[in-house]
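In this note's numbering, the protein residues as written are 24 to 539.
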Ligand code: NOJ
Ligand code: CA
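Here it is as structure tokens:
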């Protein structure tokens with residue numbers, strides 16, 4: 024018997040909101056929950072039906088909120104818990120769903136648990152984090168904090184030095200300070216994690232995007248312990264919140280899906296070859312036509328097979344960690360990139376502003392631990408009013424300096440122009456939503472993805488429905504032998520694609536979807 028499932032994921036199209044930079048309604052220069060509520064209709068009109076909101080909890084913001092100081096209270100700068108609850112309700116009223124960002128791996132050094140755990144005297148939080156037994160001993164293979172308190176030990180960190188690692192145990196402990204997963208400390212951490220999830224799910228959130236989901240259990244290279252941990256979480260959700268949706272930042276769907284996640288992310292680091300498509304010297308999505316899609320496809324297929332052809336790996340247009348899509352690709356290539364992103368399996372994720380081609384803002388001093396990521400986190404450009412409609416605060420008070428170029432794209436201008444990127448994306452979303460084969464669970468078979476060659480072609484299938492997708496970003500006409508004869512054209516950007524004598528001839532800078 025299939026358990027209850029969040030079926031809405033099957034046709035979910037996510038919009039990622041970095042709350043700091045989306046819409047400020049009280050003129051303090053920083054985005055807020057009311058701003059998100061005010062813009063839900065905009066997001067819905069584009070066609071997105073789900074949100075992922077970056078961490079919005081109390082935090083000293085050493086890593087933009089990925090350093091939580093209180094999992095149960097939102098950061099006052101965004102509003103109150105009641106405001107967030109209202110956001111959930113307003114989203115639901117529009118038939119939208121909301122994922123919060125769960126950061127289970129580490130807290131901020133400011134978290135009261137960490138302050139307790141730094142004490143020399145044993146207390147309830149002594150084992151909440153991964154500590155060695157002596158300040159002179161470093162945790163193997165991990166960075167650490169040491170010499171910061173009377174406690175005689177070094178504390179492992181997960182990311183920045185302000186992010187101490189919560190203790191979920193070691194798969195196979197070999198040293199006295201390495202606790203097994205079932206020791207009281209790790210068990211208490213996991214129970215607290217469930218409480219946090221309970222709290223927000225009861226308030227109306229629909230699930231979580233989980234930060235660094237694959238690295239909770241330490242010294243666990245195959246992810247065996249971490250998979251077991253998430254299976255336990257899924258069992259708890261199935262019992263109490265069966266409709267809770269879980270999307271992991273893991274990048275290994277064969278592992279994350281076993282752990283009970285519904286979908287995983289394709290990562291822009293590691294072996295995915297995601298950057299070959301959009302963010303390298305010669306991206307595939309470029310009229311220069313010097314890119315190579317084949318390594319990406321090979322890796323994609325490897326993951327697809329390993330996850331029993333579930334392929335529920337979400338490909339984001341960008342996110343708060345990588346360069347804006349429009350930093351490396353421009354013009355029609357952005358439209359062609361979205362013709363790809365919106366026809367692949369797994370739920371698409373559109374990073375706020377990517378729908379209007381917002382640019383990476385160069386030459387920023389790091390804001391809240393952003394470093395090179397800061398340029399991708401600048402405030403949304405809504406219209407031609409002051410601060411592009413983001414905020415009524417004085418310009419120097421804005422969270423991050425905006426793109427100040429005279430021709431910066433805005434949502435208002437793009438909405439008024441039928442030929443804009445915004446409208447192309449809106450059309451593509453509407454087509455995806457009208458065809459199950461194009462949605463999350465439709466199967467994929469690559470038809471043409473050759474080394475150093477164009478176009479890219481694949482068939483998406485659901486039941487009797489088969490759709491051929493052909494995309495040629497290069498500035499030259501290309502052709503390939505195609506066993507599939509296109510029938511109706513469901514979508515076309517660029518000139519007509521000709522099928523004759525078993526051959527598809529694809530004009531420059533073209534994308535099309537055909538029914539088969
Ligand atoms: C991944 C998040 O996306 C990133 O922004 C953050 O800095 C790290 N995890 C650490 O939590
Ligand atoms: Ca504000």
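Note that CB positions come from ideal geometry on N, CA and C, so glycine has one too. None of these values were measured; they are calculated from a predicted model.
- Taking 4 residues as the minimum length, the alpha helix (DSSP H) runs contained wholly in the stretch 207-274 are 207-226, 247-263, in order along the chain.
- Contact annotation, residue 338 with residue 364: C-beta distance approximately 6 Å; criterion of less than 8 Å satisfied.
- The beta carbons of residue 534 and residue 501 sit no closer together than 9 Å.
- Here residue 356 carries a helix assignment [DSSP, helix/strand/coil].
- Excluding sequence positions up to five before and after residue 175, its CB lies within less than 8 Å of the CB of 143, 156, 157, 158, all in the same chain and listed in chain order.
- Residue 115: member of the alpha helix (DSSP H) spanning 104-116, first to last residue.
- In this chain, the alpha helix (DSSP H) harbouring residue 63 covers 63-69.
- Per DSSP, the unbroken beta strand (DSSP E) holding residue 287 starts and ends at 286-288.
- Linking residue 201 to residue 153 through their CA atoms gives a straight-line distance of about 8 Å.
- With a cut-off of 8 Å, the C-beta of residue 100 is classified as near ligand 2, since at least one heavy atom of the ligand falls inside that distance.
- Boundaries of the beta strand (DSSP E) around residue 469: 466-471.
- One thing to note: residue 185 has its Cβ no nearer than 9 Å to the Cβ of residue 161.
- Only buried fits residue 100, as 16 or more other CB atoms lie within 10 angstroms of its CB.
- The three-state reading of DSSP puts residue 408 in coil, since its state is none of H, G, I, E or B.
- For residue 504, there is no enclosing alpha helix (DSSP H); the enclosing beta strand (DSSP E) covers residues 501-504.
- Annotated as proximal: residue 287 and residue 271, with beta-carbon spacing under 9 Å.
- In the same chain as residue 433, and ignoring 5 residues on each side of it, the C-beta atoms closer than 8 Å to its own belong to 379, 404, 405, 406, 407, 411, 412, in chain order.
- For residue 195, no beta strand (DSSP E) segment is defined, and its DSSP state is neither H nor E.
- Within the chosen limit of 8 Å, ligand 1 reaches the beta carbon of residue 342 through at least one heavy atom.
- Residues close to ligand 2 by the beta carbon criterion (under 5 Å to any non-hydrogen atom) are, from first to last along the chain, 47, 49, 51, 53, 55.
- Not a single heavy atom of ligand 1 lies less than 8 Å from the C-beta of residue 166.
- Residue 187 is bridged by DSSP to 180.
- By the CB criterion at 9 Å, residue 73 and residue 120 fall inside the cutoff.
- Across the set 88, 415, 423, 353, the C-alpha of 423 shows the shortest separation from the C-alpha of residue 389.
- The stretch 32-90 contains, as complete alpha helix (DSSP H) runs of 4+ residues, the segments 56-61, 63-69 (chain order).
- Fewer than three beta-carbon pairs drawn from the stretch 321-330 and the stretch 341-360 are found closer than 8 Å, and the two stretches are therefore not classed as touching.
- Ranked by Cα distance from residue 321, the first of 294, 302, 346 is 294.
- Relative to the non-hydrogen atoms of ligand 1, the Cβ of residue 367 never comes closer than 8 Å to any of them.
- Residue pairing for residue 120: DSSP places it in a beta bridge opposite 73.
- Closest in C-alpha terms to residue 457, from the list 489, 428, 478, comes 489.
- The Cβ atoms of residue 63 and residue 230 lie no closer than 9 Å to each other.
- One thing to note: residue 38 has its Cβ within 9 Å of the Cβ of residue 69.
- With respect to the C-alpha of residue 194, the residue from 180, 146, 246, 298 having the closest C-alpha is 246.
- CA-CA distance, residue 79 to residue 96, rounds to 9 Å.
- Of all C-beta pairs linking the stretch 85-92 to the stretch 127-142, three or more are shorter than 8 Å, placing the two stretches in contact.
- Ligand 1 approaches residue 186 closely enough that one of its heavy atoms is under 8 Å from the residue's Cβ.
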